[in-house]
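Step one of this worksheet: look at the structure below.
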Amino acid sequence: MSIQNTQTGTEETTTIQQKVLENKRPAAIWAVGMLVLVGLEFGRITGWVVTAGGVAALIFDLFVSLPAIIGSNVGGVFGFAGDFVATGVRLVTTVAVALLLLAIPAGTVRRLLPVSPAKELRPEMPVNIRLLVDRAIVTLGLFVAALLIVLTPVGGAVDSIIAAIQSLFDSAASVQTLTSRETIPNQGYESPSGSGWEGTFMGLSPALAWALRVTVIYLYATLLVFWIWKGYTTYRQHYREADWTPLDDSIDRFRGHKWGLFGLAVVFAFLVLAIWAPVMGPTTIEANHYEPYSNEFQYLGDSGDVQSTFHGTANIQSRSNGDSNVGPMSYDDYGRWAPFGTNADGKDLFTFLAFGARTSLVIGLVTIGLSGMFALILALVSSYYKGIIDLVAVMGSDTVQSIPALLLILMLMVTLREFEHPIVGIYDGGILLAFILAFTYWPGLWRSIRGPTLQVSESEWIDAAKSYGQKPSVIMRKHMAPYVLAYMLIYASLILGTIIITTAALSFLGIGIGAPTPEWGRMIESGRGYISTQSWHISTIPGIMIVFVVIGFNALGDAIRDAIDIEADISGESATGGAA
Amino acid sequence: MSQEIAHSERQRDEDVLIQVRDLKTYYGSEQLIGGRPVKAVDGVNFEISRGETLGLVGESGCGKTTLGRTLLQLETPTAGEIRFDGTDITTLRGYELKEWRRNAQMVFQDPDSSLNQRMTVGEIVREPLDVYEWKTPQQRRQRVRELLDTVGLKREHYYRYPHQFSGGQRQRVGIARTLTLEPEFIVLDEPVSALDVSVQAEVINLLERLQDEFGLTYLFIAHDLSVVRHISDRVAVMYLGNIMEIGPTEELFTDPANPYTRSLLSAIPAPDPTSQKERVHLRGTPPNPRYPPSGCPFRTRCPVRIRPEEYEQLDEEIWDSLNRLEEILEERRRSRGAVDRFREKVGLDTRYATAAEIREELFEPLAVPDQVESVLDDVSAEIEAGDEMAAIEVLQAEFRTVCGSEKPSHHTVSDSGRTSYCHRHRDEHRDPKTAFEERT
Numbered sequence: 005m006s007i008q009n010t011q012t013g014t015e016e017t018t019t020i021q022q023k024v025l026e027n028k029r030p031a032a033i034w035a036v037g038m039l040v041l042v043g044l045e046f047g048r049i050t051g052w053v054v055t056a057g058g059v060a061a062l063i064f065d066l067f068v069s070l071p072a073i074i075g076s077n078v079g080g081v082f083g084f085a086g087d088f089v090a091t092g093v094r095l096v097t098t099v100a101v102a103l104l105l106l107a108i109p110a111g112t113v114r115r116l117l118p119v120s121p122a123k124e125l126r127p128e129m130p131v132n133i134r135l136l137v138d139r140a141i142v143t144l145g146l147f148v149a150a151l152l153i154v155l156t157p158v159g160g161a162v163d164s165i166i167a168a169i170q171s172l173f174d175s176a177a178s179v180q181t182l183t184s185r186e187t188i189p190n191q192g193y194e195s196p197s198g199s200g201w202e203g204t205f206m207g208l209s210p211a212l213a214w215a216l217r218v219t220v221i222y223l224y225a226t227l228l229v230f231w232i233w234k235g236y237t238t239y240r241q242h243y244r245e246a247d248w249t250p251l252d253d254s255i256d257r258f259r260g261h262k263w264g265l266f267g268l269a270v271v272f273a274f275l276v277l278a279i280w281a282p283v284m285g286p287t288t289i290e291a292n293h294y295e296p297y298s299n300e301f302q303y304l305g306d307s308g309d310v311q312s313t314f315h316g317t318a319n320i321q322s323r324s325n326g327d328s329n330v331g332p333m334s335y336d337d338y339g340r341w342a343p344f345g346t347n348a349d350g351k352d353l354f355t356f357l358a359f360g361a362r363t364s365l366v367i368g369l370v371t372i373g374l375s376g377m378f379a380l381i382l383a384l385v386s387s388y389y390k391g392i393i394d395l396v397a398v399m400g401s402d403t404v405q406s407i408p409a410l411l412l413i414l415m416l417m418v419t420l421r422e423f424e425h426p427i428v429g430i431y432d433g434g435i436l437l438a439f440i441l442a443f444t445y446w447p448g449l450w451r452s453i454r455g456p457t458l459q460v461s462e463s464e465w466i467d468a469a470k471s472y473g474q475k476p477s478v479i480m481r482k483h484m485a486p487y488v489l490a491y492m493l494i495y496a497s498l499i500l501g502t503i504i505i506t507t508a509a510l511s512f513l514g515i516g517i518g519a520p521t522p523e524w525g526r527m528i529e530s531g532r533g534y535i536s537t538q539s540w541h542i543s544t545i546p547g548i549m550i551v552f553v554v555i556g557f558n559a560l561g562d563a564i565r566d567a568i569d570i571e572a573d574i575s576g577e578s579a580t581g582g583a584a
Numbered sequence: 035m036s037q038e039i040a041h042s043e044r045q046r047d048e049d050v051l052i053q054v055r056d057l058k059t060y061y062g063s064e065q066l067i068g069g070r071p072v073k074a075v076d077g078v079n080f081e082i083s084r085g086e087t088l089g090l091v092g093e094s095g096c097g098k099t100t101l102g103r104t105l106l107q108l109e110t111p112t113a114g115e116i117r118f119d120g121t122d123i124t125t126l127r128g129y130e131l132k133e134w135r136r137n138a139q140m141v142f143q144d145p146d147s148s149l150n151q152r153m154t155v156g157e158i159v160r161e162p163l164d165v166y167e168w169k170t171p172q173q174r175r176q177r178v179r180e181l182l183d184t185v186g187l188k189r190e191h192y193y194r195y196p197h198q199f200s201g202g203q204r205q206r207v208g209i210a211r212t213l214t215l216e217p218e219f220i221v222l223d224e225p226v227s228a229l230d231v232s233v234q235a236e237v238i239n240l241l242e243r244l245q246d247e248f249g250l251t252y253l254f255i256a257h258d259l260s261v262v263r264h265i266s267d268r269v270a271v272m273y274l275g276n277i278m279e280i281g282p283t284e285e286l287f288t289d290p291a292n293p294y295t296r297s298l299l300s301a302i303p304a305p306d307p308t309s310q311k312e313r314v315h316l317r318g319t320p321p322n323p324r325y326p327p328s329g330c331p332f333r334t335r336c337p338v339r340i341r342p343e344e345y346e347q348l349d350e351e352i353w354d355s356l357n358r359l360e361e362i363l364e365e366r367r368r369s370r371g372a373v374d375r376f377r378e379k380v381g382l383d384t385r386y387a388t389a390a391e392i393r394e395e396l397f398e399p400l401a402v403p404d405q406v407e408s409v410l411d412d413v414s415a416e417i418e419a420g421d422e423m424a425a426i427e428v429l430q431a432e433f434r435t436v437c438g439s440e441k442p443s444h445h446t447v448s449d450s451g452r453t454s455y456c457h458r459h460r461d462e463h464r465d466p467k468t469a470f471e472e473r474t
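Residue numbers (my numbering), protein chains in the order written: chain U, 5 to 584; chain H, 35 to 474.
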C-alpha cells in the first residue's frame with residue numbers, strides 16, 4: 005500500500021509501515037532472528053525456491069504449448085479440406101487460443117497500467133466499454149510481445165537471462181547449511197587403531213552422529229515454526245490495529261486442545277521428515293536405493309584395514325529376510341548404522357521411509373490441492389448462482405461418484421502404464437494416482453462444503469454487497485470463501501490421512517506407486533512374508549507410522565473444527581465476545 | 035373520481051422520487067415442470083416523494099420484504115416498472131445498474147446476519163467505496179471514520195469486529211454502510227425489530243436525524259404498527275402481495291378505510307386497560323400465496339365480506355365454516371394426484387375424509403338453516419362422487435359474490451388521495467366502516 009502525502013487533514017490511520025517505524029524494536033528483533041534462521045539454511049531454502057520455480061516453469065510451459073496443441077488438433081480435423089485450409093485453420097485457432105490465454109493476465113496488467121489507453125484515444129467512452137477496450141489493447145500488446153520473444157533473437161536473450169538467474173540460484177542452493185550431511189557427517193569407518201571413528205562428526209559413532217543431525221533438524225524446524233509464531237504474536241501485540249479478531253479466539257481454543265496439539269506434533273514430525281528427507285537418513289537415497297552399484301563407501305575390513313565397496317554389494321550382505329537380519333537400532337557388518345534396520349534387499353529402511361513420507365505428502369497435497377480447489381470454486385459458484393448451475397453440479401458430482409473408484413484407478417494405472425504415458429514417469433505413477441484421486445475425491449469434498457456454502461450464500465451480507473454493486477467474484481471471495489475455508493481445512497486434514505492410507509493400500513496391492521519410488525505401502529507389502537520372523541520390522545515400522553500419521557491428521561482436523569467453532573461463526577448467535 | 039386522482043398526481047409529480055406501476059414479483063415459476071409461481075408481489079402501484087417516509091406494513095409473508103428487495107433490484111420483477119427519478123430501473127443492466135445502485139441502499143433486519151463477521155467494522159463500511167473506487171484509500175478510511183461518527187459510533191471503532199458490539203451498535207454499523215455512497219433512497223427492512231425495545235427508540239431517532247440531515251427518502255418496512263405510525267409520513271398496508279390501503283399515516287391509523295387495515299389496527303394493544311375497544315379477530319392464517327383466492331385476496335378472512343342478499347343474516351360461524359369448506363375443497367382438488375384417483379377407482383381407502391366427516395367437523399354444533407343444509411347436501415353428493423370442482427361450483431353458485439368473482443379496484447377514499455382496495459367502496463354496497471359497525 006503506497007503512502008500518499010496528500011493533504012490528509014485529520015488523518016488518524018497509521019499504516020503498518022508507520023507503526024513499525026514508530027516502534028522499531030520488536031520488529032527489528034524478530035527480523036534479525038528470522039535472518040539468522042534463514043541464513044542457517046540458506047542453501048536449502050534456495051533449493052525449495054528452485055524446485056518451486058521448476059514446477060511453475062512446467063505449468064507455464066504447458067500453457068505456452070496449449071495454443072499450438074489445440075491449433076494442430078483443430079487443424080488436423082480439417083485435413084480433408086486440403087493442406088491449405090487445414091494450415092489456415094490451424095493458424096487461426098492457435099492465434100485465437102493464444103489471445104484467449106493472454107486475455108487472462110491482461111486484466112491484471114491493465115490494472116497496473118498508470119494510464120488507460122482507451123481513455124487517451126476517446127475520453128467520452130462509457131466506462132464499461134472502456135475497460136473492455138483497454139483489456140483488448142493490453143491483450144494485443146502481450147501478444148505482440150510474445151511474438152517478439154518467439155520469433156526474434158529477443159527470445160534467445162530472454163532465455164540466456166533466465167538461464168543465468170537459474171544457475172545463480174542453483175549455485176546458491178548447493179551452499180552447505182546447518183542441517184547438511186556435510187555439517188554433521190555420520191558415515192565413516194572404525195579407525196584401524198581402534199580409537200573411535202574416522203569421517204564422522206567429531207569422531208562420534210555413526211549412530212550418535214546421525215541422532216545428533218536428526219535432533220538438530222528437528223530443533224531447527226521447531227525453532228523456525230516458533231519464530232514464525234513469534235512473528236505473529238509480535239504483530240498482534242505491537243502492530244495490529246484491531247485489538248481483537250475472531251481468529252484470536254480460534255487460536256486460543258486450539259491452544260487449549262490437548263488432542264489437537266498431539267495431532268499437530270505428529271503432523272509436524274511427519275512434515276519435517278518429508279521436507280528434510282534428503283538429510284534424514286543415515287545414508288543418501290541415491291547411494292543406498294537408486295544407484296547402489298555406482299556409489300562406494302569405506303569400511304573397516306575383517307583383516308583390520310580400510311576397504312571400499314559398493315553399497316549394492318554391502319546391501320546383499322545386510323538383508324533382513326528372516327534368515328539374516330539387521331534389526332532396528334543396529335549396525336550392519338559394514339559399520340553402517342540402520343536406525344530402523346534394513347529391508348529384504350538390505351537397503352536402509354529409515355532412508356526409504358523418510359522419502360516415502362515425501363511421496364505421501366506430495367500425493368496428498370496434490371490431491372487435496374486439486375480436488376479442494378475445484379470443490380471450493382464449484383461450491384461457491386453453484387451456491388451463489390443456484391438454479392441450473394447447481395443442478396448441473398449435483399448431476400456432475402453424482403456421475404463421478406457413481407464410478408467405482410478402485411476400478412477407475414486400476415483401469416487408468418494399468419492402461420497408462422502399458423502405453424508408457426509420460427505422466428506415469430513422475431513418481432512412478434504417484435502424480436497420476438494423485439490426479440485420479442483428486443478426480444474421485446472432489447464430489448465428496450464438494451458435497452461436504454455445499455451445505456455450509458449454501459448457508460453462507462443466504463446471509464444478508466451477501467445481499468448487502470449485491471445492493472452496492474459488488475462484483476460476484478469478489479462477493480464469493482470476500483464474503484463466502486472465508487466461511488467455507490474453515491470447513492475445507494477440516495476436511496482437508498481428515499482426507500489427507502485417508503489419501504495416505506489409500507495410497508499405501510493401493511501400493512500394497514501393487515497398483516499404486518511402482519518401484520523404485522519409496523512408498524510406505526509397498527514396504528509393508530514387501531515385508532509381509534517376514535512378519536513372523538526376526539525381520540518383523542520391515543512391515544511393522546511403516547505400518548505404525550501410517551497409523552500415527554493418520555491419527556495425527558485426524559486429531560488436527562478435530563481440533564481445527566473445535567477451534568473454529570463453526571456454529572457460532574455462521575449463525576452468529578453465541579458471540580464469544582472479546583473486549584467490547 | 036379519476037379526475038381527482040389525475041389532479042393529485044400532477045401536483046406531486048415534480049418531487050416524486052419513486053414511482054411503481056403494476057409491479058409483480060413471482061417466485062418459483064422458473065421450474066422445469068410448469069408449476070404455479072408464488073405471487074409475492076402481485077400488481078402494486080404507489081409512489082414515494084422525495085424526502086418522504088413511506089411505511090409498509092403487513093403480516094409476515096405478505097410480500098413486503100420482497101417488494102423492498104425488488105425496488106433495489108435484488109429481485110428481478112416479473113412485470114411492471116419502477117421509475118426512479120424518471121428512469122425505469124427494471125431495464126437497467128450491467129454498468130448502468132451498478133451506477134444506479136449508488137442511489138438506493140438497504141438496511142437489513144438482522145444486524146447479526148447483515149454484517150460479515152470476518153471483516154472489521156471499518157472494512158464493512160468502506161467496502162461500497164472500494165467498489166466504486168472512490169478517491170484514494172486514505173480518503174476512504176477518513177470518510178468511514180466520519181460516517182462512524184455520524185451514526186453515533188466512535189472513530190476508533192474502525193478496527194473492531196461486529197462481534198464486539200451490541201445489537202444496536204451493529205445496526206448503526208449497517209446504517210453507516212448504507213450511507214457511504216450518499217444514496218437518495220433507503221429501504222429499511224424492519225431495521226429495529228431485532229433490537230431491544232430500549233435500543234429501538236435510539237435507532238429510530240438516528241434514522242429520523244439522518245433523514246433530516248441528508249434529505250433521505252425512506253421505505254420503512256415493519257410489522258410493528260406503532261413504530262410505523264411514529265416514523266412514516268404515509269403508510270401502505272400490504273396483504274398477500276397487494277397493497278390494500280395507502281395514505282397519510284394519521285388519517286389511516288385513526289380512520290382506516292379498508293377492512294384489512296381495520297382488522298390489523300385493532301390488533302394494536304391499547305395502552306388503556308379499561309378500553310372497551312372492540313377487537314376484530316382475524317380468523318385463520320393468510321392463504322398460500324401460490325394459490326391466492328380469486329377476486330379480493332382478503333375475502334377468505336374478511337369480517338365484512340359482501341354476502342348474497344338472501345344470506346345477509348346468516349350466522350357468522352356458519353359463514354366461517356362455509357369459507358373453510360371451500361378452502362378444504364380447493365386444497366383437495368389441488369393435491370389429488372393420479373394415485374389417489376386410482377385408489378378411489380379400485381375402492382381402496384384414500385387419505386381424504388368423507389363428505390360426512392367434513393360436514394360433521396365443520397357444521398356439527400351449528401344450527402344450519404334448511405336452505406344452506408340443502409346446498410350442503412348437494413355439495414356432499416359431489417364430494418362423494420369424487421368431483422371437488424363440481425362441489426366448489428355448487429358452493430360458489432350459491433354463496434359467491436363480487437368479492438370472489440372480481441378483483442377490487444383502488445378507490446380514493448379521502449381528499450388526501452388515500453386509496454383502499456375493497457369492493458365495499460362501490461356505491462351499491464355499504465362501506466366497510468358501516469359494515470363493521472353492523473356486524474360487530
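C-beta atoms are modelled at their ideal positions from N, C-alpha and C, and glycine is treated no differently.
Under the rule that 16 or more other beta-carbon atoms within 10 Å means buried, what is residue i, buried or exposed?
i, result
"Gly531 of chain U", "buried"
"Thr237 of chain U", "exposed"
"Gln21 of chain U", "exposed"
"Asp144 of chain H", "buried"
"Asn276 of chain H", "buried"
"Thr59 of chain H", "buried"
Determine the chain B residues that contact residue i at a beta-carbon separation under 8 Å, and present them in chain order.
i, result
"Thr444 of chain U", "The structure shown contains no chain B; its protein chains are U and H."
Under 8 Å, Cβ to Cβ, is there at least one residue of chain H near residue i?
i, result
"Gln22 of chain U", "no"
"Asn27 of chain U", "no"
"Gly267 of chain U", "no"
"Tyr472 of chain U", "yes"
"Thr237 of chain U", "no"
"Thr502 of chain U", "no"
"Gln8 of chain U", "Low confidence applies here, because Gln8 of chain U scores a pLDDT of 40, under 50, leaving its location unreliable; read the following figure in that light. So yes, Gln8 of chain U belongs to the interface."
Quick one: what's got a C-beta closer than 8 Å to residue i's C-beta in the same chain, skipping five residues either side?
i, result
"Leu299 of chain H", "Leu259, Phe287 and Pro290"
"Tyr193 of chain H", "Thr154, Val155 and Gly156"
Leaving out five residues on either side along the sequence, give the residues of the same chain with a beta carbon under 7 Å from the beta carbon of residue i.
i, result
"Ala383 of chain U", "Trp450, Ile453, Arg454, Thr457 and Val488"
"Arg263 of chain H", "Thr283 and Phe287"
"Ala361 of chain U", "Phe274, Leu277, Ala278 and Ala281"
"Ser76 of chain U", "Arg94"
Going by DSSP, what residues sit across from residue i in a beta bridge?
i, result
"Met140 of chain H", "H:Val221"
"Asp256 of chain H", "One point to set straight first is that residue 256 of chain H is Ala, not Asp, in the sequence displayed. Note: Ala256 of chain H sits in a beta bridge opposite H:Val91."
With 8 Å set as the bound, which would you pick, yes or no: does the beta-carbon of residue i sit closer than that to a beta-carbon of chain U?
i, result
"Val165 of chain H", "yes"
"Asn150 of chain H", "yes"
"Gly128 of chain H", "yes"
"Ser36 of chain H", "Confidence in Ser36 of chain H is poor, its pLDDT being 43 and thus under 50, which makes the residue's placement too unreliable to answer from."
In chain order, each beta strand (DSSP E) run of at least 3 residues that lies wholly inside the stretch 49-136 of chain U: none
Could you name each continuous alpha helix (DSSP H) segment of 4 residues or more that falls completely within the stretch 412-470 of chain H, going from the start of the chain to the end? 422-433 and 436-439
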